[in-house]
Structures are given as structure tokens and as C-alpha cells.
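J.: Each residue of the sequence shown is one higher than the last, beginning at 2 in this note's numbering. From the three backbone atoms N, C-alpha and C, an ideal C-beta is built for every residue, glycine too.
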Amino acid sequence: MSIKISIQGLSKQFRTGNMTVKALDTCDLDVREGEFICIVGPSGCGKTTLLRIIAGLESPSAGSVAIRRGESGQPLTSMVFQETSIFPWMTVRANVSYGLKLRGVPQAEIDRAVNHFLGLMGLDRFADAYPYQLSGGMKQRVSVARAFANDAEVLLMDEPFAALDEQTKIVLQEELLRIWGASGKTVIFITHSIDEALVLSDRVIVMSGRPGRLKADLKIDFARPRAVYDLKGDPEYGRLSREIWMMLREEVARK
Ligand SMILES: Nc1ncnc2c1ncn2[C@@H]1O[C@H](COP(=O)(O)OP(=O)(O)OP(=O)(O)O)[C@@H](O)[C@H]1O
Ligand SMILES: [Mg+2]
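#1: Cβ of R211 within 7 Å of any heavy atom in ligand 1?
#2: So within the stretch 122-162, which uninterrupted alpha helix (DSSP H) runs reach at least 4 residues, ignoring any that extend past its ends?
#3: On the DSSP bridge assignment, give the partners of T17 in chain order.
#4: CB of Q141 to nearest heavy atom of ligand 2: below 7 Å?
#5: Near P76, which residues of its chain fall below 8 Å by C-beta distance, leaving aside the five closest residues on each side in sequence?
#6: On the DSSP bridge assignment, give the partners of E9 in chain order.
#7: Using DSSP with H/G/I as helix, E/B as strand and the rest coil, what is D231?
#8: I'd like to check one pair, I6 with V41: are the Cβ atoms closer than 8 Å?
#9: Could you name the residues of the same chain whose beta carbon sits closer than 8 Å to that of E244, not counting the 5 residues immediately before and after it, in chain order?
#10: Name the one or two DSSP bridge partners that K220 has.
#11: For K186, is the beta carbon positioned less than 7 Å from some heavy atom of ligand 2?
#12: Nearest chain B C-beta to Y238 closer than 8 Å, yes or no?
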């Protein structure tokens, strides 16, 4: 399959006053069209920075990110941020509709998509509520619904399910896999959970501690469609999980 995202020699330094923080150091990564990649790494290693640069929200200090645009006219990327990022002055429905409205999608089509994703996220009864009336996990589900509804070519997800309870998380993981399977989107998904990375992805990228480098690139070959709970009994699952854990432990110990 063709390359969708090509990252070459990417480095990023932040300067705050007279302090310089090296967040990313010469990262190279190719992501194929339709691929599902998970990135794991210790806190502060530059995962969010990497995603923000891919989304064009931050500029690199060196190197480049190129995303090959399709011909569909869909937006290129949609991001689910690590902290909730929904607009507090808009209702749930208005938040989820936002990207589609901006693009001038006909109202009937917006309603169809928004109702569909609100239903999936278990938010239909809260369509007219404002964010302050929701719990933390519900707000996070609104931002996931907004990213799905926006229907971009590339989904960039920064620990989107971290704040959710275990049951909701599994439901949304399976839903994400279903949407991804049906749409052929390219997904880059950041998580602290080795389990989540193994269940979702085609490839797990392990990052080193700061400055973040891409330390390992493991292929995850479990058959699809995957049932999140069934996978955990597979011996290969245990082996991969241990391999990733050893690498992460080394990074945490190095700090
Ligand atoms: N806008 C900024 N200005 C200054 N420093 C920044 C900025 N954004 C990030 N950093 C620094 O860059 C490093 C990487 O931060 P980043 O948020 O990318 O880490 P992360 O891997 O996402 O961590 P976590 O797992 O805790 O979310 C950190 O040392 C952080 O302090
Ligand atoms: Mg982060």
C-alpha cells in the first residue's frame, strides 16, 4: 500500500526563557494508507508534540512531515486531544457538528452523521446539554464523536480513551476498529496502555524517553476483525506485551 504520512528527520526543541527542551530527536516514520499505528512511550517523551506537528498545529525545528492528500475533498486530519477540547459555549450537538458545518455540508447530512455518532457514544440524551453539564468521560466521548463525524482522511488520537471506565473503553475500542475497518482511514493513536496498543494496531511504535526517538517498530499481526477480549488469551499477545513492557521499563529506569 502507498505511503500516506512520511516523517523524516523530525526534531523539535522548545525554548522557554533561557531553557531549551529537546522534545523530539530525528524521528523517521512512514505510515501506509489505511494503517493503524499506536505510539507508546514514557510521559514527556514527545508523543503529543509529534501528533501536533503531524496535525500542523506546531512546526518542526528540523525535518519534515508530508501527508499525501486523497481526492475525496475530506479534511486531511482530525485530532482528538489529550485534554478535552470541546467548546464550552456550544451544546453537545453543536460541538459534534462543528467541522461539518464549517465545510458547508447540507444540514440533513450533518444531522444524520451527528445522530449516528451521538448514539454510538451513548450521548443521544445529552445532545442539547452543555459541556459543564457532562462528566469528564462524557466530554471525552463528545470529542471522539466530533472527530469521527468530521470524517477526515487521517485520525490523530491522543490518549482518547484514557479517562473512560473499562467497559466504555472496550465498547469504543471495538467501535473505533469497526469505523476504521469500514472507512480505510489512516490512524495514529497514542496510548499509555500496552493492552490497548496490541488490541488496536497494525504496528506499535515504542518511543524512548526525552528527547523522544523512535526506539522500536513492532508488527502486530493478529487476525481482524478483533474481539478485544478474545485476543488476550493468545500466547503471542503475552509475548508482545512483555517485549514492549521491557522496553518501556528500560526507558522509565533511565530517567
Ligand atoms: N509548548 C511547549 N512549550 C515548551 N515545552 C513544551 C511545549 N509542549 C511540550 N513541551 C515539552 O516537550 C516535552 C514533550 O511533551 P509532550 O507533551 O509531547 O509529551 P508526551 O509524550 O505527550 O507526554 P504525556 O505522556 O505525559 O502526555 C516535555 O518536556 C514538555 O515539557
Ligand atoms: Mg501527551
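T.: Answer, in terms of the structure:
#1: yes
#2: 137-151
#3: M20
#4: no
#5: G100, R104, N151, D152, A153 and E154
#6: A quick correction: the sequence has Gln, not Glu, at residue 9. The partner list for Q9 (beta bridge, DSSP) reads S65.
#7: helix
#8: no
#9: L219
#10: R204
#11: no
#12: Here chain B cannot be found, since the structure has a single protein chain.
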